[in-house]
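Undergrad:
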Amino acid sequence: MLFNSIDFAIFLPIVFILYWFVINKNLKLQNLLIVAASYLFYGWWDWRFLSLILFSTIVDFLVGLKLSKEENKTKRKILLLTSILVNLGFLGFFKYYNFFLDNFITAFSFFGTEIKGNSLNIILPVGISFYTFQTLSYTIDIYKRKFEPTKDFIAFTAFVSFFPQLVAGPIERAKNLLPQFYKKRTFDYGNAVNGLQQILWGLFKKIVIADNCAEYANMIFNSSADYSGSTLVLGALFFTFQIYGDFSGYSDIAIGTSRLFGFNLMRNFAFPYFSRDIAEFWRRWHISLSTWFRDYLYIPLGGSKGGTGMKIRNTFIIFIVSGFWHGANWTFIIWGILNAIYFLPLLLLNKNRNNIDIVAKDKFLPSIKELFGITITFGLTVFAWIFFRAENIEHAFNYISEIFSKSIFTIPNFDNMRTALNIIFLIMGFIVIEWLGRKEQFAISIIKKVKPPVIRYLFYYLIAITIMIYGNFNENQFIYFQF
Amino acid sequence: MKTSLFIFNSNMKKFIKKLFLIVLTVLLLLTTVNYFGDAARLFDSNYEIKMASIIRQGYNVTNISNFNERLFQKEIIKNLKVNPDILVLGSSRSMLINSDYFEEEQFFNSSVSGASIEDIIGIYQLYIDNDKLPEKIILCIDPWIFNENNGQKRWQSLQLEYYKFKGEERIIENSLNIDKYFQIFSLSYFQGSLKNLFKVIFGENYPVATKNKENENATILIDGSYVYSKIKRECSEKLTERISKQYVNDEIYSIEQFENISEKIRNSFSLLIKDIKSKDIEIAFFLPPYYPSVYNVIREDYTMVDMVEVYIIEYAKTNNIKVYGSFNPININLNESYFYDGMHCKESGIKKILNSKM
Numbered sequence: 014m015l016f017n018s019i020d021f022a023i024f025l026p027i028v029f030i031l032y033w034f035v036i037n038k039n040l041k042l043q044n045l046l047i048v049a050a051s052y053l054f055y056g057w058w059d060w061r062f063l064s065l066i067l068f069s070t071i072v073d074f075l076v077g078l079k080l081s082k083e084e085n086k087t088k089r090k091i092l093l094l095t096s097i098l099v100n101l102g103f104l105g106f107f108k109y110y111n112f113f114l115d116n117f118i119t120a121f122s123f124f125g126t127e128i129k130g131n132s133l134n135i136i137l138p139v140g141i142s143f144y145t146f147q148t149l150s151y152t153i154d155i156y157k158r159k160f161e162p163t164k165d166f167i168a169f170t171a172f173v174s175f176f177p178q179l180v181a182g183p184i185e186r187a188k189n190l191l192p193q194f195y196k197k198r199t200f201d202y203g204n205a206v207n208g209l210q211q212i213l214w215g216l217f218k219k220i221v222i223a224d225n226c227a228e229y230a231n232m233i234f235n236s237s238a239d240y241s242g243s244t245l246v247l248g249a250l251f252f253t254f255q256i257y258g259d260f261s262g263y264s265d266i267a268i269g270t271s272r273l274f275g276f277n278l279m280r281n282f283a284f285p286y287f288s289r290d291i292a293e294f295w296r297r298w299h300i301s302l303s304t305w306f307r308d309y310l311y312i313p314l315g316g317s318k319g320g321t322g323m324k325i326r327n328t329f330i331i332f333i334v335s336g337f338w339h340g341a342n343w344t345f346i347i348w349g350i351l352n353a354i355y356f357l358p359l360l361l362l363n364k365n366r367n368n369i370d371i372v373a374k375d376k377f378l379p380s381i382k383e384l385f386g387i388t389i390t391f392g393l394t395v396f397a398w399i400f401f402r403a404e405n406i407e408h409a410f411n412y413i414s415e416i417f418s419k420s421i422f423t424i425p426n427f428d429n430m431r432t433a434l435n436i437i438f439l440i441m442g443f444i445v446i447e448w449l450g451r452k453e454q455f456a457i458s459i460i461k462k463v464k465p466p467v468i469r470y471l472f473y474y475l476i477a478i479t480i481m482i483y484g485n486f487n488e489n490q491f492i493y494f495q496f
Numbered sequence: 007m008k009t010s011l012f013i014f015n016s017n018m019k020k021f022i023k024k025l026f027l028i029v030l031t032v033l034l035l036l037t038t039v040n041y042f043g044d045a046a047r048l049f050d051s052n053y054e055i056k057m058a059s060i061i062r063q064g065y066n067v068t069n070i071s072n073f074n075e076r077l078f079q080k081e082i083i084k085n086l087k088v089n090p091d092i093l094v095l096g097s098s099r100s101m102l103i104n105s106d107y108f109e110e111e112q113f114f115n116s117s118v119s120g121a122s123i124e125d126i127i128g129i130y131q132l133y134i135d136n137d138k139l140p141e142k143i144i145l146c147i148d149p150w151i152f153n154e155n156n157g158q159k160r161w162q163s164l165q166l167e168y169y170k171f172k173g174e175e176r177i178i179e180n181s182l183n184i185d186k187y188f189q190i191f192s193l194s195y196f197q198g199s200l201k202n203l204f205k206v207i208f209g210e211n212y213p214v215a216t217k218n219k220e221n222e223n224a225t226i227l228i229d230g231s232y233v234y235s236k237i238k239r240e241c242s243e244k245l246t247e248r249i250s251k252q253y254v255n256d257e258i259y260s261i262e263q264f265e266n267i268s269e270k271i272r273n274s275f276s277l278l279i280k281d282i283k284s285k286d287i288e289i290a291f292f293l294p295p296y297y298p299s300v301y302n303v304i305r306e307d308y309t310m311v312d313m314v315e316v317y318i319i320e321y322a323k324t325n326n327i328k329v330y331g332s333f334n335p336i337n338i339n340l341n342e343s344y345f346y347d348g349m350h351c352k353e354s355g356i357k358k359i360l361n362s363k364m
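Chains as they are written, first to last, in the working numbering: chain A, 14 to 496; chain B, 7 to 364.
(1) For chain B, check one thing: does any of its Cβ atoms lie closer than 9 Å to the Cβ of LEU209 of chain A?
(2) Is the beta carbon of ILE460 of chain A sitting closer than 9 Å to the one on PHE472 of chain A?
(3) Unbroken alpha helix (DSSP H) runs of length 4 or more, entirely within the region 331-367 of chain A: which are they?
(4) Go ahead and pull the three-state DSSP assignment for ASN255 of chain B.
(5) With a threshold of 7 Å on Cβ separation, who are the neighbours of LEU139 of chain B within its own chain once the five nearest residues in sequence on each side are excluded?
(6) So if I threshold CB-CB distances at 8 Å, which residues from the region 54-65 of chain B count as touching chain A?
(7) At a Cβ threshold of 9 Å, is LYS20 of chain B touching chain A?
(8) Can you give me the Cβ contacts of LYS159 of chain A inside the same chain, cut-off strictly under 8 Å, excluding the 5 residues immediately before and after it?
(9) By Cβ distance, which residues of its chain are closer than 6 Å to THR270 of chain A, with the 5 residues on each side in sequence left out?
(10) State buried or exposed for MET310 of chain B, treating a residue as buried only when at least 16 other CB atoms are found within 10 Å of its CB.
(11) On a Cα-Cα basis, can you pick out the residue from B:ARG248, B:VAL316 and B:ALA224 that is closest to THR426 of chain A?
(12) Is TYR68 of chain B helix, strand or coil by DSSP?
(13) Under a Cβ-count criterion, where at least 16 other Cβ atoms within 10 Å of its own Cβ denotes burial, should ILE141 of chain A be classed as buried or exposed?
(14) Which residue spans inside the region 171-240 of chain B form an unbroken beta strand (DSSP E) run of at least 3?
(15) Identify whether GLY392 of chain A lies in helix, strand or coil by the three-state DSSP scheme.
(16) Looking at the structure shown, is GLU453 of chain A part of a helix, part of a strand, or coil, going by DSSP?
(17) Return the chain-ordered ranges of every alpha helix (DSSP H) run that is complete within the region 67-101 of chain B and spans a minimum of 4 residues.
(18) The alpha helix (DSSP H) spanning GLU124 of chain B covers which residue range?
(19) Strictly by DSSP, which residues pair up with LEU164 of chain B?
(20) For GLU247 of chain B, does the three-state DSSP call read helix, strand or coil?
(21) Per DSSP, which residues does ASN277 of chain A bridge with? Please list them.
(22) Using beta carbons (cut-off 9 Å, strictly below), is ARG248 of chain B in contact with chain A?
(23) Does any residue of chain B bring its CB to less than 9 Å from the CB of TRP214 of chain A?
(24) CB TRP150 of chain B to CB PHE264 of chain B, shorter than 9 Å?
(25) Give the range of the beta strand (DSSP E) segment to which GLY331 of chain B is assigned.
(26) Roughly how many angstroms separate the alpha carbons of PRO295 of chain B and GLU315 of chain B, rounded to a whole number?
(27) Measuring straight from C-alpha to C-alpha, what distance separates PHE21 of chain B and GLY349 of chain A?
(28) Assuming THR163 of chain A contacts VAL76 of chain A under a Cβ cut-off of 8 Å, what Cβ separation, rounded to an integer in Å, is found between them?
(29) Just to confirm the assignment, what range does the beta strand (DSSP E) spanning LEU145 of chain B have?
(30) For TYR257 of chain A and GLY215 of chain A, which I take to be in contact (beta-carbon distance under 8 Å), what is that distance rounded to the nearest angstrom?
(31) Are any of the Cβ atoms in chain B nearer than 9 Å to that of TRP33 of chain A?
(32) Given that a residue counts as buried once 16 or more other Cβ atoms are within 10 Å of its Cβ, and exposed if not, what is ARG61 of chain A?
(33) I'd like to know if THR31 of chain B contacts chain A, where contact means its C-beta is closer than 9 Å to some C-beta of that chain.
(34) Taking 9 Å as the threshold (C-beta atoms), are PHE345 of chain A and PHE401 of chain A in contact?
(35) Apply the 10 Å Cβ neighbour rule to ASN273 of chain B and answer buried if 16 or more other Cβ atoms are within range, or exposed otherwise.
(36) Give the DSSP-derived three-state secondary structure of LEU314 of chain A in the structure shown.
Structure below.
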């Protein structure tokens with residue numbers, strides 16, 4: 014089920030009413046309702062893959078219980094390995110089988126050996142990269158004795174399958190989300206209103222910004238050979254806003270929906286395009302994944318504590334793995350390497366934590382230096398997104414080489430330029446709102462500081478009407494569903 | 007003691023009340039614009055009558071958009087003054103065939119966009135019902151008419167006629183009517199209706215009578231044929247190429263999931279041809295070509311299209327029926343310059359096809 018679908022618009026109020034107005038006295042029943050609703054939500058897409066989630070849930074629940082009782086180090090390692098193998102095994106098979114097979118065949122044929130292997134027609138289960146990482150964090154934390162396992166199977170099942178964040182995150186940690194399933198939840202008016210506001214903003218980002226940008230990004234990327242360098246730059250910019258609107262929009266809807274049910278999810282985006290350097294960008298973009306890799310990969314590898322060689326190695330590992338997590342394609346790996354190259358100088362010069370607070374925290378506008386930093390970082394990010402969006406490496410290089418040709422100095426030209434101008438104006442308005450609300454959890458919560466309620470309501474209506482007028486209602490899938 | 011299923015506290019009440027008011031306001035705006043703007047004229051039943059009345063008075067009709075072509079056919083056939091010598095049945099790909107290509111005086115084109123076999127049969131039945139059968143029928147064969155999964159639903163405006171021809175008694179379920187009421191809550195419909203609302207307010211929303219054939223907007227001529235809008239007529243070859251490229255990048259119109267030549271449709275088709283022949287009406291098939299690069303993709307990935315052509319040529323041979331055209335533009339010497347887009351051939355191309363028997 015998609016957040017931007019009629020199905021969800023019917024599903025959400027029904028679950029909300031049952032949850033708060035029918036069974037709100039009984040915590041167990043509320044959790045059970047969340048499980049049922051989550052399985053329905055996921056099964057709406059393909060019910061067959063519910064078995065995968067259920068299997069992961071059972072394995073990790075049992076491994077968690079065993080780990081807490083087991084003192085023998087070897088046995089504990091075996092238990093952890095079981096969880097890792099099951100979760101990464103599913104992920105590896107469904108997501109990476111064909112990639113490895115194709116690359117082995119290519120590599121062997123390069124050395125003159127022909128090997129046969131049949132690619133499988135595998136459907137990638139939606140959200141598999143998200144929920145496997147979420148459950149993995151549970152067993153790893155128990156193994157490290159940072160977290161006590163739950164004995165409540167329903168609460169654990171609800172934690173793994175919690176529908177707002179099941180298919181595209183934020184990738185929650187057990188220590189944040191799981192205890193929330195044990196506590197009695199009371200309806201909080203402010204929290205619910207806040208949740209609705211965030212849902213509204215998420216829908217705006219997805220339906221107005223991302224899906225409209227997608228039309229042009231797809232058109233330009235799909236026929237990139239037909240366009241001038243300047244048009245290709247515009248195509249890359251459209252994709253830059255598409256992916257941000259799409260993914261952060263999803264996160265907003267997920268966090269907002271969770272609030273409606275009395276849950277607080279972690280923040281996943283913190284205005285990344287206002288970052289002054291790449292290190293800051295990675296602290297603000299897909300925070301739940303970046304911190305996951307930091308805690309479960311980068312730090313166990315030694316982090317930045319070792320010598321220069323170790324720092325370089327770990328940086329490349331984390332970015333390459335992060336790229337590969339996004340998909341079984343060399344384009345994602347190059348995208349990861351590129352980001353590692355951007356990040357490395359900051360790390361080696363010890364400048365990777367220079368910009369912790371949001372830009373221009375106590376000012377209205379950024380300084381020239383900050384603006385310069387934002388522009389350079391944004392430019393580097395846009396450049397890297399070309400690899401992320403391209404069909405293959407060759408496509409990416411052709412795209413970039415056309416950008417760096419004489420045609421960069423021509424006026425961009427493509428079909429429906431007039432409609433595209435509307436979208437460009439909407440993007441500009443979007444940037445202004447994001448800038449004004451950059452100190453908040455999500456941009457439009459800045460409006461709560463405006464005292465007269467009439468103005469606040471007018472603002473919400475304005476966003477709703479903008480969605481109605483400019484929204485793309487084709488129920489487009491979220492990009493991150495494929496990861 | 008009276009117990010309620012629902013448990014409310016004051017906070018919840020406040021939340022629900024406010025949310026309800028907001029949703030209600032938005033819904034009110036949505037339904038008002040959709041009803042009065044009415045982009046596809048779902049709630050204006052007079053539009054097609056007005057169009058038909060202009061044609062009946064001997065004028066071409068322009069400034070037309072989003073009307074129900076099937077209802078228009080019902081109106082126009084009902085009011086035809088004489089039986090046509092030549093009648094064209096088919097889709098938008100045969101809409102541009104006009105009287106200029108024929109020596110016969112009475113010509114009429116009853117093509118409708120996205121025509122399925124049900125449409126063709128339904129319109130043919132309209133000619134029977136109104137006693138307006140022609141001497142000759144040119145039947146445009148689109149590959150999708152043999153695809154059970156073509157996704158066409160518009161024929162339901164003609165289901166009464168279709169089932170009458172088939173001799174099947176059915177309770178007519180007009181799902182279009184149900185869809186119509188769903189549309190009043192549609193956000194996509196809202197966008198079109200909002201644009202149209204201004205036209206409604208400024209009175210620019212009506213069909214206009216004209217003696218000119220080529221106008222700023224699309225025009226239906228008195229012979230039922232169609233002339234594209236100025237923008238489409240003057241579309242450059244480069245833009246046509248790009249549009250055609252886009253056409254194959256998306257799902258190709260009505261031929262996705264084309265797995266076989268449906269036996270059910272084949273039977274309906276044979277029944278139609280037999281009926282036409284039994285009434286001593288001459289018949290010819292018209293196979294409209296695709297844009298060259300579009301056809302190349304179709305030949306590779308949509309093999310059923312060529313199968314339809316083979317089937318039609320065989321069928322025509324067996325039944326002694328003339329065939330004009332081919333889905334493959336190379337077979338009829340048409341290059342890119344003969345096309346408006348990926349699947350619509352220009353008038354010059356049509357002329358070339360009709361002048362050369364396959």
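Positions of the beta carbon are idealized from the N, C-alpha and C atoms, including for glycine. These numbers were taken from a predicted model, which means no experiment stands behind them.
TA: Per the coordinate set shown:
(1) So yes, LEU209 of chain A belongs to the interface.
(2) The answer is yes: Cβ separation under 9 Å.
(3) Taken in chain order, the complete alpha helix (DSSP H) segments of 4 or more residues contained in the region 331-367 of chain A are 343-361.
(4) Helix, per DSSP.
(5) Here LEU139 of chain B has ASN89, TYR133, LYS285 and ILE287 as same chain residues with Cβ atoms under 7 Å from its own Cβ, once five neighbours each way along the sequence are excluded.
(6) Listed in chain order, the positions of the region 54-65 of chain B with a beta carbon within less than 8 Å of a beta carbon of chain A would be empty, since no residue qualifies.
(7) It does: the Cβ of LYS20 of chain B has a partner Cβ on chain A nearer than 9 Å.
(8) Short of 8 Å from the beta carbon of LYS159 of chain A, and not among the five residues preceding or following it, lie these beta carbons of its own chain, in chain order: LYS188.
(9) PRO177, listed in sequence order.
(10) Under the 10 Å beta carbon count, MET310 of chain B is surrounded by 16 or more other beta carbons and is classified as buried.
(11) The displayed chain sequence assigns Asn, not Thr, to residue 426 of chain A. With distances taken between CA atoms, ASN426 of chain A lies nearest to B:ARG248 out of B:ARG248, B:VAL316 and B:ALA224.
(12) Note that residue 68 of chain B is Thr in the sequence shown, not Tyr. Of the three classes helix, strand and coil, the one that applies to THR68 of chain B here is strand, per DSSP.
(13) Buried is the call here.
(14) With a minimum length of 3 residues, the continuous beta strand (DSSP E) runs that stay inside the region 171-240 of chain B are 214-216.
(15) Correct three-state label for GLY392 of chain A: helix.
(16) DSSP places GLU453 of chain A in coil when its eight states are reduced to three.
(17) Secondary structure within the region 67-101 of chain B: the alpha helix (DSSP H) runs of 4 or more consecutive residues, fully enclosed, are 75-84 (chain order).
(18) For GLU124 of chain B, the enclosing alpha helix (DSSP H) stretches over residues 123-135.
(19) Within the DSSP secondary-structure output, LEU164 of chain B pairs in no beta bridge.
(20) Of the three classes helix, strand and coil, the one that applies to GLU247 of chain B here is helix, per DSSP.
(21) Bridge partners of ASN277 of chain A: none, in fact.
(22) With its beta carbon less than 9 Å from one in chain A, ARG248 of chain B belongs to the interface.
(23) Not closer than 9 Å to any Cβ of chain B, the Cβ of TRP214 of chain A fails to qualify, so no.
(24) The answer is yes: Cβ separation under 9 Å.
(25) It spans 328-331 - the beta strand (DSSP E) in which GLY331 of chain B sits, taken as one unbroken run.
(26) Cα to Cα, PRO295 of chain B sits roughly 11 Å from GLU315 of chain B.
(27) Cα to Cα, PHE21 of chain B sits roughly 45 Å from GLY349 of chain A.
(28) Not really, about 12 Å apart at Cβ, beyond 8 Å.
(29) LEU145 of chain B -> beta strand (DSSP E) spans 142-146.
(30) Actually they are not in contact, since the Cβ atoms of TYR257 of chain A and GLY215 of chain A sit about 12 Å apart, beyond 8 Å.
(31) Closer than 9 Å to some Cβ of chain B, the Cβ of TRP33 of chain A qualifies, so yes.
(32) By the neighbour-count rule (16 or more Cβ atoms within 10 Å), ARG61 of chain A is not buried but exposed.
(33) By this cut-off, THR31 of chain B is an interface position.
(34) Cβ atoms of PHE401 of chain A and PHE345 of chain A: closer than 9 Å.
(35) Exposed is the label assigned to ASN273 of chain B, since fewer than 16 other Cβ atoms lie within 10 Å of its Cβ.
(36) Assigned with DSSP and collapsed to three states, LEU314 of chain A falls in coil, not helix or strand.
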